[in-house]
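For the working numbering, count along the sequence shown from 1 and bump the result up by 1008.
Just so you know, even glycine gets a beta-carbon here, dropped at the ideal spot from N, CA and C.
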Amino acid sequence: MSKGNSRLKTVELPNGESPMQDSSPGSSRWMGLAIVGGLAALIVFGYLTLLEMRGIHGVLDARLDQIDTRLAQLSTKIEQAGTRPVERSGPDPNRVYAIKTDGAPFKGPAAAPITIAEFSDFQ
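Right, here's the structure in full:
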């Protein structure tokens, strides 16, 4: 016996071809047509994708123009708000308020020149 696998047998056809070869004369023609058809489908799909992307691009350009316009309006409002004087809220710091502190707890001397009154709400 030889060193190789003795179970495998070589089969030869009467005309000398291997049994794995396709001997039909139209098979290479069908293979070529399938390749051309596949390429045509890819080209059509690519073209349709290009058209769709152009539509999306137009919509995005319009939306970006709207955003740019809105941004310009907001920056103008911010610049105008920055030039106006700031209105102070709360009590007038130049006014002196008289508060009765008789009988209220305090720290420090009773005859101090400045009295600071603190109000708290424990709710």
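About 13 Å separates the beta carbon of threonine 1109 from that of alanine 1119, a gap too long to meet the 8 Å contact definition.
In the DSSP assignment, serine 1083 falls within the alpha helix (DSSP H) that extends over 1035–1091.
Between tyrosine 1055 and methionine 1061, the alpha-carbon positions lie close to 10 Å from each other. Here the C-alpha atom of phenylalanine 1130 lies approximately 20 Å from the C-alpha atom of isoleucine 1107.
Here the alpha carbon of leucine 1079 sits roughly 12 Å from the alpha carbon of glutamate 1087.
When the five nearest sequence neighbours on each side are left out, no beta carbon in the same chain lies closer than 6 Å to the beta carbon of glycine 1063.
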